[in-house]
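Protein chains in written order, with the numbering used here: chain A, 960 to 1268; chain B, 1334 to 1639; chain C, 8 to 252. To keep things clear, I will list the structure first and then write my remarks on it.
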Amino acid sequence: MRKNLVLWAVAVAVLVLLPPLVIAIKQPYYIDLIRRVMIFAIAAISLNLILGYGGLVSFGHAAYLGIGSYAVGILAFYGLPGGWLQFAVAIGASALVALAIGAVSIRTSGIYFIMITLAFTQMLYYLGISVAEFGGDDGMRLKARSQFPPLDLGDPVQFYYLVLVLMLFTVFLVDRIVNSRFGMVLQATKSNDARSRAIGFSPYPYRLIAFVISGAMCGLAGALYANHTSYITPNLMSWLQSGEFMFMVILGGMGTAAGPVLGAFALLLVEELLKGWTEYWQVVLGPLLVLSVIFFRRGLAGIFDKSDA
Amino acid sequence: MTWALVFEQLLNGLQYGVMLFLMAAGLTLVFGIMNLVNLAHGSLYMVGAYLAYAATQWTGSYLAGVALGLAATLLVGMLVEVVALRKLYERDHLDQVLATFGLILFFNELVAIVWGRAALYTSLPTWLQGHITLFTGSRYPGYRMVVLGVGLLVALLLWYVVARTRLGMLIRAGASNRTMVGALGVNIKLLYTVVFGFGAALAGLAGLMAGPIYAVQPGMGELILIQVFVVIVIGGIGSIRGALVGAIIVGVVDTLGRAFLRPLLATLISPPAAESAGPALASILIYLLMAVVLAVKPAGIFASRN
Amino acid sequence: MLEVKGLTKNFGALRACDGIDFDVGEGETLAIIGPNGAGKTTLISQLAGNLLPDAGAIRFAGEDITRLSAQKRSRKGLARSFQITSIFPEFTALENVALAVQARAGHSFRFWAAAREDVSLTQPARKILEEAGLHDRTDMPASRLSHGEHRQLEVAMALATQPRLLLLDEPMAGMGTEESERMIALLASLKGRLTIILVEHDMDAVFRLADRISVLVYGRIIATDTPEKIKLNEEVRKAYLGEEA
């Protein structure tokens, strides 16, 4: 990440200047679009921690997006729009669920882990549908935006900058974590599990903690997303959504700081483009994804990274 | 809640179980022989249902529709293998998951383009619409018995292939080792294409049998696929026997749960609470079961891989 | 230091280890030799904790470790190197060894400070790399090291965990003459300071380094003695050379 400081500075500058620019050309829609991309980028960054650096192929990450969103929605429903409380519950609940799912799943590996995380997320999806009080399968409207006085999340531009700051913060946080002693162990267990045990590391606690941190961060993304769309449905927890997150991480470049951000931008902007062409955009996206897996092995970040590793 | 009702639901559970088995067997075969994780297996189920529907419409005959649909699904499977999957065998499971995920998106939209997004209902020919009378005295749809019968027949066939033929020997040896298989004088590429096609046919069979019972719509494959994963986790990957046991367990637990959990809960807690808790719990019952199995036996009941 | 009694491991009908008994004294270097398929790797795997024996017991410094996991054994001072190079390819040589140092430095639940800049980890790592002859390769990604350097790194990592017993699984495997000499010199420098169990095919190294040699054939130890006596042992010669001695 240090190597590409210049590129990061440019990217941040572009993102900072975007709102005034698009307002000037009378296209405020782009503020919403890029804000949505950045929220998903936070989710992708959180997944990158366990997938890109830890080698845990969690196909159930969208669960935390859903939990975070529902936390905000449910508290708002009961007349508790205070932002700090809502976000704390979103993050806390996601962490707890991640702990529960992780505790059972992390003892397995490989294809089992993929299937199990998928199954648990589906379980949450069904729970979401069956609780009719919160809209069941139709979902629920957000009664009121999270309140963070003096900020007004109802103002698109203020909300945009909040998301930008949070996105940069999570990039920074994950970067510190993966380069710490904890992160080294996590990466080592991904690199060579047998070797890490042979020198005395027990992978389980490290992986579990990473899983929980990752879930909590994604819960934050969920809380932001609820405010963004004002409409919360169980579809947020669908495995198609989980698959998209995985794509962002891998397409962007696993185990790199810029990867998940690049991946989120690339995937979502391509989707926007395709949606503009045809209602059946997935019929084009599907094969594109297949091709990108077959040919784009190191992901987009690999293009920018001049060193060989 | 009478015994007759319980028995009827048990049969439903078994019938659903054999369909899960057909799917699980195909998935586990492909994984066991080719070390390929195929998320698009559900899409083949869906394609089977749609192609059989289309073929029945076109020929006007149910049996011809079934035969054509099955053959067409086999071909689609082999085509997918040749075009998209060959490059994935050497890649790791993660890449396979992602690539086959892309295939899911593709197939779901493709069927939506051709047949629209609304659910279709395949109708049964009159000779399959009848009911039979069970020993309990109640009437049971003949078609579901046929499904149960066909599923068991296929299970028997698979057992024969795995236990008694050379191909079965390769499967049991966990022959994802290409060198070993090649040393036995087998044409790898052809073997893989055939095995994948066979797996696709199993999924397609499950799909076309499901048509008259459940709705045929885009995305139907993924709904059942996740339950197939639960089956494989419980039964252990790579094991056909495990797939059968797991499928029966999941099918029966899920069906009985949906039918009886609410009334059962109503005897323990207040009826209004049972009204909402019942269905919610029923829908997650098999996942809870999976969690319990994992806690006790992380590799599944009949795990055949280390 | 290490006592092995009646160690048995079966794989189905195949008896890979058949009631193996031996012990190694503190500071001693014991070499285990035997023809291919004798069960050496199975034995090492059980000693290191990667495989559970079907019967028998392993005592390390007086403690029963038979059912202890690999990571717990490592923390008790039993280090191993792998026959097929097993390192962290994406990390540099220095980072590889620093990780081993870190493993010994208590828990690693520190989330903020950059580990690569932690002198308490890198300094000991540099020392060990120097001892292992890799001081000019510290910043090279491990995947780019030569085969011989990989083997050296394997030993370096084992050393970094401050072991009391070193289990070396064919450290010379695939090495040329010059590289072998370096490895033998390194191992010779460790003699006496550590207890070493050396599984090897390279007879030159074995005879130069071992205090005693155990010969493993078809899962059984047929002889344990000093190198000179082993050279003259009838049964050993038969096992290696067939009926013609």
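Note that the Cβ used here is the ideal one computed from N, Cα and C, for glycine as well.
Practice problem: May I ask you to report which of helix, strand or coil DSSP gives Gln-1462 (chain B)? | Solution: coil
Quiz item: When the distance is taken between beta carbons, is Val-1229 (chain A) closer than 9 angstroms to Ala-1417 (chain B)?
Solution: no
Self-check item: Residues that Pro-1246 (chain A) contacts on chain B, provided the C-beta gap is smaller than 9 angstroms
Solution: Chain B residues near Pro-1246 (chain A): Ala-1417, Gly-1435, Leu-1436, Leu-1438, Phe-1439.
Quiz prompt | Interface residues of chain B facing Arg-1166 (chain A) [CB-CB closer than 9 angstroms] | solution = Near Arg-1166 (chain A) there are no residues of chain B at all, since even the closest Cβ is about 14 angstroms away, more than 9 angstroms.
Self-check item: DSSP state of Asn-1639 (chain B) mapped onto helix, strand, coil
Solution: With a pLDDT of only 37 at Asn-1639 (chain B), under 50, the local geometry of the prediction cannot be trusted, and the value read off the model is given with reservation. Asn-1639 (chain B): coil per DSSP, three-state reduction.
Quiz prompt | Meets three-Cβ-pair contact criterion under 8 angstroms: the segment 1550-1563 of chain B and the segment 1436-1449 of chain B | solution = yes
Exercise. In the DSSP assignment, find the unbroken beta strand (DSSP E) run with Gly-1061 (chain A) in it and report its ends.
Key: Counting along the chain, Gly-1061 (chain A) falls outside any beta strand (DSSP E), though it belongs to the alpha helix (DSSP H) covering 1042-1064.
Quiz item: From Gly-1614 (chain B) to Leu-1594 (chain B), what distance separates their C-alpha atoms?
Solution: In the sequence as displayed, the identity of residue 1614 (chain B) is Leu instead of Gly. Rounded to the nearest angstrom, the two C-alpha atoms are 8 angstroms apart.
Quiz prompt | DSSP bridge partner residues for Lys-16 (chain C) (one or two, in chain order) | solution = Note: Lys-16 (chain C) sits in a beta bridge opposite C:Cys-24.
Quiz item: What span of residues does the beta strand (DSSP E) with Leu-1089 (chain A) cover, start to end?
Solution: It should be pointed out that residue 1089 (chain A) corresponds to Ser in this sequence rather than to Leu. It is not in any beta strand (DSSP E) - Ser-1089 (chain A) instead sits in the alpha helix (DSSP H) that spans 1069-1089.
Exercise. Tell me, please, whether the CB atom of Val-1399 (chain B) is closer than 9 angstroms to any CB atom in chain A?
Key: No, no contact with chain A.
Exercise. Express the C-alpha separation of Leu-173 (chain C) and Asp-61 (chain C) in angstroms, rounding to a whole number.
Key: Each residue's alpha carbon lies about 24 angstroms from the other.
Quiz prompt | Sequence-distant residues of its chain with Cβ nearer than 8 angstroms to Gln-1342 (chain B) (five each side left out) | solution = Closer than 8 angstroms at Cβ, skipping near neighbours: Thr-1588, Leu-1589, Ala-1592, Phe-1593.
Practice problem: Within the segment 37-112 of chain C, note down every full alpha helix (DSSP H) run reaching 4 residues or more, in order along the chain. | Solution: 47-55, 77-83, 100-111
Quiz prompt | Cβ of Tyr-1349 (chain B) within 9 angstroms of any chain A Cβ | solution = no
Practice problem: Please report the Cβ distance between Val-1031 (chain A) and Ala-1185 (chain A), rounded to the nearest whole angstrom; I am assuming they are in contact, meaning their Cβ atoms lie under 8 angstroms. | Solution: Contact flag correct, Cβ pair sits at about 4 angstroms.
Quiz prompt | Nearest-angstrom beta carbon gap, Leu-175 (chain C) and Lys-135 (chain C) [assumed within contact, 8 angstroms] | solution = The sequence shown places Ile at residue 135 (chain C), rather than the Lys named in the question. About 15 angstroms separates the two Cβ atoms, so there is no contact after all.
Quiz item: Near Gly-1027 (chain A), what residues of its chain come up, given a Cβ to Cβ distance below 6 angstroms and the 5 sequence neighbours on each side ignored?
Solution: Ala-1049, Ser-1053, Gly-1178, Gly-1181, Ala-1182
Practice problem: To the nearest angstrom, report how far apart Asp-1425 (chain B) and Ala-1404 (chain B) are at their CA atoms. | Solution: 31 angstroms
Quiz item: Cα-Cα, which of B:Tyr-1383, B:Pro-1605, B:Phe-1439, B:Gln-1560 is closest to Gly-1398 (chain B)?
Solution: B:Tyr-1383
Quiz prompt | Interface residues of the segment 100-112 of chain C facing chain A [CB-CB below 7 angstroms] | solution = Leu-106, Ala-107, Gln-109, Ala-110, Arg-111
Self-check item: 9 angstroms Cβ cutoff met for Ala-1624 (chain B) and Val-1208 (chain A)
Solution: In this structure, Val-1208 (chain A) does not lie closer than 9 angstroms to Ala-1624 (chain B) by Cβ.
Self-check item: Runs of beta strand (DSSP E) lying entirely within the segment 1108-1161 of chain A, each at least 3 residues, in chain order
Solution: None, since the segment 1108-1161 of chain A contains no complete beta strand (DSSP E) of that length.
Quiz item: Is any beta-carbon of chain A found at less than 9 angstroms from that of Leu-1443 (chain B)?
Solution: yes
Practice problem: May I have the straight-line CA-CA distance separating Glu-97 (chain C) from Val-1583 (chain B), to the nearest angstrom? | Solution: 42 angstroms
Quiz item: What residue does the alpha helix (DSSP H) around Ile-1546 (chain B) start on, and which one ends it?
Solution: Segment: none, Ile-1546 (chain B) is in no alpha helix (DSSP H) and carries neither H nor E.
Quiz item: Of all the alpha helix (DSSP H) runs that stay within the bounds of the segment 998-1044 of chain A, which reach a length of 4 or more residues?
Solution: Here the runs fully enclosed are 1021-1036.
Quiz prompt | Listed by chain order, chain B residues near Arg-1066 (chain A) by CB distance under 9 angstroms | solution = Leu-1627, Ala-1628, Pro-1631
Exercise. Determine contact between the segment 1009-1021 of chain A and the segment 1074-1094 of chain A, defined as no fewer than three beta-carbon pairs at a distance below 8 angstroms.
Key: In short, these stretches touch, since the Cβ pair count reaches three.
Quiz item: Just reading off the alpha helix (DSSP H) that Val-1586 (chain B) is part of, what are its end residues?
Solution: 1573-1601
Quiz item: Residues in the segment 1061-1085 of chain A with C-beta within 7 angstroms of chain B's C-beta atoms, listed in sequence order?
Solution: Val-1063, Arg-1066, Thr-1067, Gly-1069, Ile-1070, Tyr-1071, Ile-1073, Met-1074, Ile-1075, Leu-1077, Ala-1078, Phe-1079, Gln-1081, Met-1082, Tyr-1085
Quiz item: Where does Gln-986 (chain A) fall in DSSP's three states?
Solution: coil
Quiz item: What residues from the segment 1597-1622 of chain B come within 7 angstroms of chain E, judged by C-beta to C-beta, listed N to C?
Solution: Note that chain E does not occur in the displayed structure, where the protein chains are A, B and C.
Quiz prompt | Val-1430 (chain B) versus Ile-1070 (chain A) - alpha carbon distance | solution = Straight across, the Cα-Cα distance linking Val-1430 (chain B) with Ile-1070 (chain A) is about 9 angstroms.
Quiz item: Are the C-beta atoms of Phe-1364 (chain B) and some chain A residue less than 9 angstroms apart?
Solution: For Phe-1364 (chain B), the answer is yes, since a Cβ of chain A falls inside 9 angstroms of its Cβ.
Exercise. Step through the CB atoms of chain A and report whether any lies within less than 9 angstroms of the CB of Lys-1420 (chain B).
Key: yes
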